[in-house]
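One structure is given here, and the rest of the page talks about it.
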Amino acid sequence: MLATWWVWALAALVFGILEVIAPTYILLGFAIGAGVVSAGLLTGLLGGLAASSYGVAWLAVIFAVLSLLAWLGLRAGFGKPSGSVQTFDKDIND
């Protein structure tokens, strides 16, 4: 079942929706990775790999690597998330 393109497309859609609910770059990286694997299976670029005996394992590895690369690209493009946490160097009572 994990060797079909629509499962990966559905996973990309779910990760995309979760990214909107909980905005963080990691879920968007997962969505991009699953989308690229889905496109690879749909076009036949990964079809031979999916048909092999370790096809699902290789698809998972490709998904993980693509997700990591997408996350690193998003992180480089948009920068680190800046929080509103304020730090103090000295105590207010000093």
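In terms of my numbering, the sequence shown opens at residue 523 and continues consecutively. Positions of the beta carbon are idealized from the N, C-alpha and C atoms, including for glycine.
- Burial of Gly551 is indicated by the presence of at least 16 other C-beta atoms within 10 angstroms of its C-beta.
- In this structure, the CA atom of Gly569 is about 17 Å from the CA atom of Leu588.
- In the three-state DSSP reduction, Phe552 falls in the helix class (H, G or I).
- Between Ala556 and Ala533, the C-beta gap is smaller than 9 Å, which places the two residues in contact.
- Straight-line spacing of the CA atoms in Val583 and Ile614 works out to 51 Å.
- In summary, Leu581 is buried, with 16 or more beta-carbon neighbours lying within 10 Å of its beta-carbon over all protein chains present.
- Per DSSP, Gly566 lies in no alpha helix (DSSP H) and is assigned neither H nor E.
- Ranked by Cα distance from Val558, the first of Thr609, Trp593 and Ala531 is Ala531.
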